[in-house]
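Asker: The structure follows.
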Amino acid sequence: MKAVAANRGVPGARLDVCHVMTLHDPSDLPTDRLSVQVSSLQESHAALVNSTWKFRIGEFSERIIRNMILNFPSCCVLDSDGQPVAWILTYCDCAMGILYTMPGHRRKGYAKALVYGFVVLINRVEADPVDVLVDHWPDFSVLLVKPMRQEEADLYKGVCIFAKDGVALKNVLLETDILDWTQYLCLSFDLCYEETVKAVAANRGVKGTKMSVCHMIKLDDCSDLPTDGLSVQVSSLQESHTALVNSTWKFGSGKFSERMIRNMILNFPSCCVLDSDGQPVAWILTYCDCAMGILYTMPEHRKKGYAKALVSIMAKKLHSEGYPLYCFIEEHNRLSYSLFASLGFTEDPSYRVTWYSFNEMFLNPQ
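For the sequence shown, UniProt numbering begins at 1 and goes up steadily by one.
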(Lines of atoms letter the chains of each structure in order from A; the text may use other names.)
(Lines give C-alpha, C1' and ligand atoms only; values in the text may rest on other atoms or scores of the structure.)
Protein backbone atom coordinates (compact mmCIF):
# COMPACT_ATOMS: atom_id res chain seq x y z
CA MET A 1 0.00 0.00 0.00
CA LYS A 2 2.84 2.36 0.79
CA ALA A 3 4.39 1.64 -2.60
CA VAL A 4 1.11 2.37 -4.39
CA ALA A 5 0.67 5.59 -2.43
CA ALA A 6 4.22 6.63 -3.23
CA ASN A 7 3.59 5.89 -6.90
CA ARG A 8 0.56 8.16 -6.70
CA GLY A 9 2.60 10.82 -4.94
CA VAL A 10 0.44 10.69 -1.83
CA PRO A 11 1.88 10.73 1.72
CA GLY A 12 0.22 8.43 4.27
CA ALA A 13 0.03 8.04 8.04
CA ARG A 14 -0.59 4.77 9.86
CA LEU A 15 -3.51 5.30 12.21
CA ASP A 16 -3.47 2.01 14.07
CA VAL A 17 -2.67 -1.72 14.03
CA CYS A 18 -5.27 -4.05 15.52
CA HIS A 19 -5.85 -7.65 16.50
CA VAL A 20 -8.95 -9.34 15.04
CA MET A 21 -10.89 -11.17 17.76
CA THR A 22 -13.87 -13.48 17.23
CA LEU A 23 -16.33 -15.26 19.51
CA HIS A 24 -17.74 -18.58 18.34
CA ASP A 25 -19.92 -19.42 21.36
CA PRO A 26 -21.56 -16.73 23.54
CA SER A 27 -23.05 -19.27 25.96
CA ASP A 28 -20.13 -18.97 28.39
CA LEU A 29 -20.16 -15.18 28.61
CA PRO A 30 -20.27 -13.83 32.19
CA THR A 31 -23.61 -12.78 33.58
CA ASP A 32 -22.69 -9.80 35.74
CA ARG A 33 -25.63 -8.18 37.54
CA LEU A 34 -26.30 -4.49 36.81
CA SER A 35 -28.92 -2.41 38.61
CA VAL A 36 -29.01 0.18 35.82
CA GLN A 37 -31.02 0.84 32.69
CA VAL A 38 -29.60 -0.58 29.46
CA SER A 39 -30.90 0.79 26.16
CA SER A 40 -29.96 1.54 22.56
CA LEU A 41 -28.22 4.75 21.53
CA GLN A 42 -30.33 7.45 19.87
CA GLU A 43 -29.46 9.89 17.09
CA SER A 44 -29.27 12.68 19.69
CA HIS A 45 -26.30 10.87 21.28
CA ALA A 46 -24.13 11.08 18.13
CA ALA A 47 -22.28 14.24 19.21
CA LEU A 48 -21.46 12.79 22.65
CA VAL A 49 -20.11 9.53 21.20
CA ASN A 50 -18.13 11.44 18.58
CA SER A 51 -16.59 13.77 21.17
CA THR A 52 -15.05 10.84 23.05
CA TRP A 53 -13.89 8.79 20.04
CA LYS A 54 -10.14 8.53 19.60
CA PHE A 55 -10.39 8.85 15.81
CA ARG A 56 -12.94 11.67 15.62
CA ILE A 57 -12.65 14.27 12.85
CA GLY A 58 -15.41 16.72 13.68
CA GLU A 59 -18.50 16.63 11.49
CA PHE A 60 -17.00 13.95 9.24
CA SER A 61 -16.76 11.29 11.96
CA GLU A 62 -20.01 12.47 13.54
CA ARG A 63 -21.82 11.63 10.31
CA ILE A 64 -20.33 8.10 10.41
CA ILE A 65 -21.39 7.63 14.03
CA ARG A 66 -24.89 8.94 13.36
CA ASN A 67 -25.25 6.41 10.54
CA MET A 68 -24.06 3.61 12.84
CA ILE A 69 -26.57 4.56 15.54
CA LEU A 70 -29.47 4.81 13.09
CA ASN A 71 -28.79 1.66 11.08
CA PHE A 72 -26.85 -0.83 13.20
CA PRO A 73 -27.26 -2.33 16.70
CA SER A 74 -25.94 -0.37 19.66
CA CYS A 75 -26.14 -0.70 23.43
CA CYS A 76 -25.63 1.80 26.26
CA VAL A 77 -25.94 2.22 30.01
CA LEU A 78 -28.07 5.21 31.06
CA ASP A 79 -27.65 7.25 34.23
CA SER A 80 -30.55 8.42 36.42
CA ASP A 81 -31.17 11.32 34.02
CA GLY A 82 -31.42 9.01 31.01
CA GLN A 83 -28.03 10.04 29.60
CA PRO A 84 -25.52 7.48 28.24
CA VAL A 85 -22.48 6.86 30.44
CA ALA A 86 -21.15 3.78 28.63
CA TRP A 87 -21.73 2.44 25.14
CA ILE A 88 -20.77 0.11 22.33
CA LEU A 89 -21.69 0.32 18.63
CA THR A 90 -21.51 -1.68 15.40
CA TYR A 91 -19.40 -0.58 12.45
CA CYS A 92 -20.82 -0.93 8.94
CA ASP A 93 -18.66 -4.06 8.51
CA CYS A 94 -20.61 -5.57 11.46
CA ALA A 95 -17.64 -5.44 13.86
CA MET A 96 -18.30 -4.30 17.43
CA GLY A 97 -16.46 -1.13 18.35
CA ILE A 98 -16.22 2.30 19.97
CA LEU A 99 -16.62 0.70 23.41
CA TYR A 100 -16.36 3.55 25.91
CA THR A 101 -17.22 4.33 29.54
CA MET A 102 -17.23 7.88 30.91
CA PRO A 103 -14.37 8.35 33.42
CA GLY A 104 -16.69 8.88 36.39
CA HIS A 105 -18.42 5.55 35.76
CA ARG A 106 -15.50 3.20 35.23
CA ARG A 107 -14.77 0.04 37.25
CA LYS A 108 -18.48 -0.72 37.60
CA GLY A 109 -18.62 -3.64 35.15
CA TYR A 110 -20.54 -1.70 32.51
CA ALA A 111 -18.24 -2.58 29.61
CA LYS A 112 -18.45 -6.32 30.28
CA ALA A 113 -22.24 -6.21 30.56
CA LEU A 114 -22.57 -4.17 27.36
CA VAL A 115 -20.61 -6.71 25.39
CA TYR A 116 -22.77 -9.50 26.84
CA GLY A 117 -26.03 -7.78 25.91
CA PHE A 118 -24.64 -6.68 22.60
CA VAL A 119 -24.14 -10.25 21.40
CA VAL A 120 -27.92 -10.62 21.59
CA LEU A 121 -28.51 -7.45 19.55
CA ILE A 122 -25.85 -7.93 16.90
CA ASN A 123 -27.93 -10.21 14.68
CA ARG A 124 -30.67 -7.66 14.09
CA VAL A 125 -30.75 -4.08 12.85
CA GLU A 126 -33.22 -2.33 15.12
CA ALA A 127 -35.90 -0.83 12.90
CA ASP A 128 -38.36 -0.16 15.71
CA PRO A 129 -36.39 1.34 18.63
CA VAL A 130 -37.25 -0.06 22.05
CA ASP A 131 -35.98 -0.01 25.60
CA VAL A 132 -35.49 -3.43 27.19
CA LEU A 133 -35.92 -3.04 30.94
CA VAL A 134 -35.34 -5.67 33.63
CA ASP A 135 -35.63 -5.78 37.41
CA HIS A 136 -32.19 -7.42 37.67
CA TRP A 137 -29.56 -8.32 35.08
CA PRO A 138 -29.06 -10.94 33.87
CA ASP A 139 -30.96 -13.08 36.41
CA PHE A 140 -34.19 -11.16 35.91
CA SER A 141 -37.71 -12.04 37.03
CA VAL A 142 -39.39 -9.31 34.98
CA LEU A 143 -38.49 -8.01 31.53
CA LEU A 144 -40.35 -5.29 29.63
CA VAL A 145 -39.88 -4.43 25.96
CA LYS A 146 -41.02 -0.82 25.79
CA PRO A 147 -41.25 1.06 22.48
CA MET A 148 -39.66 4.49 22.31
CA ARG A 149 -42.42 7.00 21.67
CA GLN A 150 -41.03 9.57 19.26
CA GLU A 151 -44.34 10.76 17.78
CA GLU A 152 -47.97 10.96 18.90
CA ALA A 153 -48.89 7.90 16.82
CA ASP A 154 -46.31 5.85 18.72
CA LEU A 155 -48.80 5.71 21.60
CA TYR A 156 -50.32 2.71 19.82
CA LYS A 157 -47.18 0.59 20.11
CA GLY A 158 -47.61 -2.12 22.69
CA VAL A 159 -45.41 -2.96 25.67
CA CYS A 160 -44.45 -6.65 25.94
CA ILE A 161 -44.11 -7.99 29.47
CA PHE A 162 -42.32 -11.23 30.33
CA ALA A 163 -42.35 -12.42 33.92
CA LYS A 164 -41.21 -15.44 35.89
CA ASP A 165 -42.87 -14.40 39.13
CA GLY A 166 -46.16 -12.63 39.81
CA VAL A 167 -44.96 -10.91 42.99
CA ALA A 168 -41.91 -9.49 41.22
CA LEU A 169 -44.12 -8.27 38.37
CA LYS A 170 -46.53 -6.57 40.78
CA ASN A 171 -43.66 -4.86 42.60
CA VAL A 172 -42.14 -3.54 39.37
CA LEU A 173 -45.46 -2.17 38.12
CA LEU A 174 -46.45 -0.65 41.48
CA GLU A 175 -43.13 0.68 42.74
CA THR A 176 -41.64 2.12 39.55
CA ASP A 177 -42.68 4.59 36.86
CA ILE A 178 -41.60 2.34 33.99
CA LEU A 179 -45.13 2.61 32.56
CA ASP A 180 -47.00 5.89 32.16
CA TRP A 181 -50.48 5.01 33.39
CA THR A 182 -51.77 8.48 32.48
CA GLN A 183 -51.45 7.77 28.74
CA TYR A 184 -52.82 5.10 26.42
CA LEU A 185 -51.21 1.74 27.16
CA CYS A 186 -51.36 -1.55 25.33
CA LEU A 187 -49.80 -4.38 27.34
CA SER A 188 -49.20 -7.98 26.28
CA PHE A 189 -48.38 -10.60 28.90
CA ASP A 190 -48.92 -14.21 29.95
CA LEU A 191 -52.60 -14.77 30.75
CA CYS A 192 -51.62 -16.27 34.12
CA TYR A 193 -50.70 -12.73 35.29
CA GLU A 194 -54.05 -11.22 34.29
CA GLU A 195 -55.28 -10.66 37.84
CA THR A 196 -51.92 -9.16 38.85
CA VAL A 197 -52.03 -6.59 36.07
CA LYS A 198 -55.70 -5.80 36.71
CA ALA A 199 -54.93 -5.23 40.40
CA VAL A 200 -52.09 -2.85 39.56
CA ALA A 201 -54.30 -0.96 37.11
CA ALA A 202 -57.04 -0.65 39.75
CA ASN A 203 -54.46 0.65 42.22
CA ARG A 204 -53.48 3.25 39.61
CA GLY A 205 -57.13 4.18 39.09
CA VAL A 206 -57.13 2.97 35.49
CA LYS A 207 -59.70 0.73 33.79
CA GLY A 208 -58.56 -1.81 31.23
CA THR A 209 -60.13 -3.62 28.31
CA LYS A 210 -59.17 -7.17 27.37
CA MET A 211 -58.54 -6.98 23.63
CA SER A 212 -57.54 -10.54 22.86
CA VAL A 213 -56.34 -13.90 24.16
CA CYS A 214 -54.15 -15.92 21.82
CA HIS A 215 -52.46 -19.26 21.36
CA MET A 216 -48.79 -19.08 20.50
CA ILE A 217 -47.92 -21.57 17.78
CA LYS A 218 -44.55 -22.23 16.21
CA LEU A 219 -42.93 -24.19 13.41
CA ASP A 220 -39.66 -25.98 14.11
CA ASP A 221 -39.04 -27.34 10.61
CA CYS A 222 -40.20 -25.66 7.42
CA SER A 223 -38.83 -28.34 5.07
CA ASP A 224 -42.23 -30.05 4.82
CA LEU A 225 -44.18 -26.94 3.89
CA PRO A 226 -46.17 -27.39 0.68
CA THR A 227 -44.92 -25.86 -2.54
CA ASP A 228 -48.31 -25.11 -4.02
CA GLY A 229 -48.05 -23.37 -7.35
CA LEU A 230 -50.13 -20.21 -7.64
CA SER A 231 -50.97 -18.83 -11.06
CA VAL A 232 -50.92 -15.33 -9.62
CA GLN A 233 -48.29 -12.71 -8.88
CA VAL A 234 -46.76 -12.84 -5.40
CA SER A 235 -44.80 -9.84 -4.13
CA SER A 236 -43.91 -7.86 -1.02
CA LEU A 237 -46.19 -5.13 0.28
CA GLN A 238 -45.23 -1.54 -0.52
CA GLU A 239 -45.60 1.59 1.59
CA SER A 240 -48.47 2.68 -0.67
CA HIS A 241 -50.46 -0.35 0.57
CA THR A 242 -50.40 0.82 4.20
CA ALA A 243 -53.86 2.41 4.23
CA LEU A 244 -55.45 -0.67 2.64
CA VAL A 245 -53.93 -3.06 5.19
CA ASN A 246 -54.85 -0.74 8.06
CA SER A 247 -58.45 -0.38 6.87
CA THR A 248 -59.04 -4.15 7.03
CA TRP A 249 -57.19 -4.88 10.28
CA LYS A 250 -59.44 -5.90 13.16
CA PHE A 251 -57.42 -3.83 15.61
CA GLY A 252 -56.95 -0.82 13.34
CA SER A 253 -57.14 2.56 15.04
CA GLY A 254 -56.75 5.19 12.35
CA LYS A 255 -53.48 7.08 12.17
CA PHE A 256 -52.11 5.31 15.25
CA SER A 257 -52.18 1.80 13.81
CA GLU A 258 -51.35 3.08 10.32
CA ARG A 259 -47.95 4.29 11.47
CA MET A 260 -47.24 0.90 13.03
CA ILE A 261 -48.25 -0.98 9.87
CA ARG A 262 -46.17 1.34 7.69
CA ASN A 263 -43.14 0.55 9.84
CA MET A 264 -43.82 -3.18 9.51
CA ILE A 265 -44.06 -2.94 5.71
CA LEU A 266 -40.90 -0.84 5.41
CA ASN A 267 -38.69 -2.77 7.82
CA PHE A 268 -39.87 -6.38 8.11
CA PRO A 269 -40.70 -9.17 5.66
CA SER A 270 -44.16 -9.20 4.09
CA CYS A 271 -45.86 -11.12 1.31
CA CYS A 272 -48.97 -10.49 -0.79
CA VAL A 273 -50.94 -11.79 -3.76
CA LEU A 274 -51.56 -9.17 -6.46
CA ASP A 275 -54.52 -9.04 -8.83
CA SER A 276 -54.29 -8.27 -12.55
CA ASP A 277 -54.10 -4.55 -11.74
CA GLY A 278 -51.17 -5.03 -9.37
CA GLN A 279 -53.26 -4.44 -6.24
CA PRO A 280 -52.96 -6.64 -3.13
CA VAL A 281 -55.88 -9.00 -2.54
CA ALA A 282 -54.28 -11.13 0.20
CA TRP A 283 -51.33 -10.50 2.51
CA ILE A 284 -49.33 -11.42 5.57
CA LEU A 285 -46.87 -9.26 7.54
CA THR A 286 -44.24 -9.56 10.27
CA TYR A 287 -44.63 -7.76 13.59
CA CYS A 288 -41.65 -6.03 15.20
CA ASP A 289 -41.37 -9.02 17.58
CA CYS A 290 -40.83 -11.18 14.46
CA ALA A 291 -44.19 -12.96 14.74
CA MET A 292 -46.16 -13.50 11.54
CA GLY A 293 -49.50 -11.73 11.56
CA ILE A 294 -52.27 -9.65 9.99
CA LEU A 295 -53.03 -12.50 7.57
CA TYR A 296 -55.97 -11.36 5.45
CA THR A 297 -57.70 -12.16 2.15
CA MET A 298 -60.24 -9.83 0.54
CA PRO A 299 -63.73 -11.44 0.74
CA GLU A 300 -64.14 -11.87 -3.02
CA HIS A 301 -60.82 -13.73 -3.28
CA ARG A 302 -61.30 -16.29 -0.51
CA LYS A 303 -61.28 -20.09 -0.90
CA LYS A 304 -58.55 -19.89 -3.56
CA GLY A 305 -55.71 -21.16 -1.36
CA TYR A 306 -54.07 -17.74 -1.03
CA ALA A 307 -53.76 -17.80 2.78
CA LYS A 308 -52.13 -21.24 2.87
CA ALA A 309 -49.73 -20.29 0.10
CA LEU A 310 -48.80 -16.98 1.77
CA VAL A 311 -48.09 -18.63 5.14
CA SER A 312 -45.86 -21.21 3.43
CA ILE A 313 -44.00 -18.60 1.38
CA MET A 314 -43.57 -16.28 4.36
CA ALA A 315 -42.37 -19.06 6.67
CA LYS A 316 -39.70 -20.10 4.16
CA LYS A 317 -38.68 -16.47 3.69
CA LEU A 318 -38.41 -15.83 7.43
CA HIS A 319 -36.47 -19.04 7.95
CA SER A 320 -33.99 -18.12 5.21
CA GLU A 321 -33.39 -14.75 6.89
CA GLY A 322 -32.86 -16.24 10.34
CA TYR A 323 -36.19 -15.26 11.92
CA PRO A 324 -38.05 -17.55 14.34
CA LEU A 325 -41.22 -19.09 12.90
CA TYR A 326 -44.19 -18.38 15.15
CA CYS A 327 -47.43 -16.45 15.39
CA PHE A 328 -50.32 -15.67 17.73
CA ILE A 329 -53.86 -16.84 16.93
CA GLU A 330 -56.95 -15.73 18.84
CA GLU A 331 -58.60 -18.51 20.84
CA HIS A 332 -61.88 -18.35 18.94
CA ASN A 333 -60.29 -18.23 15.48
CA ARG A 334 -60.51 -21.94 14.73
CA LEU A 335 -60.20 -21.41 10.98
CA SER A 336 -56.76 -19.79 11.26
CA TYR A 337 -55.69 -22.29 13.92
CA SER A 338 -56.61 -25.19 11.63
CA LEU A 339 -54.79 -23.59 8.70
CA PHE A 340 -51.52 -23.19 10.60
CA ALA A 341 -51.86 -26.62 12.22
CA SER A 342 -52.27 -28.21 8.78
CA LEU A 343 -48.90 -26.70 7.83
CA GLY A 344 -47.12 -28.24 10.81
CA PHE A 345 -47.33 -25.43 13.37
CA THR A 346 -47.71 -26.65 16.94
CA GLU A 347 -49.03 -24.94 20.05
CA ASP A 348 -47.22 -24.32 23.32
CA PRO A 349 -50.06 -25.43 25.67
CA SER A 350 -48.39 -23.86 28.71
CA TYR A 351 -48.62 -20.34 27.36
CA ARG A 352 -51.48 -17.98 26.52
CA VAL A 353 -50.81 -14.36 25.75
CA THR A 354 -53.35 -11.62 26.32
CA TRP A 355 -53.48 -8.00 25.23
CA TYR A 356 -55.01 -5.32 27.45
CA SER A 357 -55.57 -1.67 26.57
CA PHE A 358 -55.84 1.17 29.08
CA ASN A 359 -56.96 4.80 28.72
CA GLU A 360 -58.48 4.23 25.29
CA MET A 361 -59.88 7.77 25.29
CA PHE A 362 -56.42 8.96 24.20
CA LEU A 363 -56.91 7.23 20.84
CA ASN A 364 -59.00 9.29 18.47
CA PRO A 365 -59.16 7.46 15.12
CA GLN A 366 -59.06 9.79 12.15
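Cβ atoms here follow ideal geometry from the backbone N, Cα and C, with glycine treated the same way.
#1: Considering only their Cβ atoms, is the gap separating V159 from K170 smaller than 8 Å?
#2: Take every Cβ of the stretch 36-45, pair it with every Cβ of the stretch 77-92, and state whether three or more of those distances are shorter than 8 Å.
#3: Any idea if R106 is buried or exposed, counting beta-carbon neighbours within 10 angstroms, 16 or more meaning buried?
#4: What is the residue span of the beta strand (DSSP E) that K304 lies within?
#5: Between which two residues does the alpha helix (DSSP H) containing K198 stretch?
#6: Just tell me which of M361, Y184, R8, L325 has its CA closest to the CA of D220.
#7: Are the stretch 238-252 and the stretch 289-296 in contact at 8 Å, needing three or more beta carbon pairs?
#8: Taking all protein chains shown into account, decide if V120 is buried (16 or more other Cβ within 10 angstroms of its Cβ) or exposed.
#9: To the nearest angstrom, how far is it from the Cα of S336 to the Cα of L310?
#10: As a quick exercise: from G254, R56, S357, pick the residue whose alpha carbon is nearest that of Q15.
#11: Are there 16 or more other CB atoms within 10 angstroms of the CB of C76, so buried, or fewer, so exposed?
#12: Which stretch, first to last residue, makes up the alpha helix (DSSP H) that contains S61?
#13: Bridge partners of E239, per DSSP?
#14: Between F268, W283, P269, which has its C-alpha nearest D275's C-alpha?
#15: Going residue by residue through the stretch 230-300, where are the continuous beta strand (DSSP E) segments of at least 3 residues, counting only ones entirely within it?
Answerer: In brief:
#1: For K170 and V159, no; Cβs fall outside 8 Å.
#2: yes
#3: exposed
#4: Where K304 is concerned, there is no enclosing beta strand (DSSP E), given that its DSSP letter is neither H nor E.
#5: 194-203
#6: Relative to D220, the option among M361, Y184, R8, L325 whose CA is nearest is L325.
#7: yes
#8: Summary for V120: the model assigns pLDDT 43, below 50, so the residue's position carries little reliability, and this model does not support an answer.
#9: S336 and L310: Cα-Cα distance of roughly 13 Å.
#10: Reading the sequence as shown, one finds Leu at residue 15 and not Gln. The residue with the shortest Cα to Cα distance from L15 is R56.
#11: buried
#12: Counting along the chain, the alpha helix (DSSP H) containing S61 begins and ends at 58-71.
#13: None; E239 has no bridge partner.
#14: W283
#15: If one requires a minimum length of 3 residues, the beta strand (DSSP E) runs lying completely within the stretch 230-300 are 233-235, 271-274, 280-286, 292-297, in chain order.
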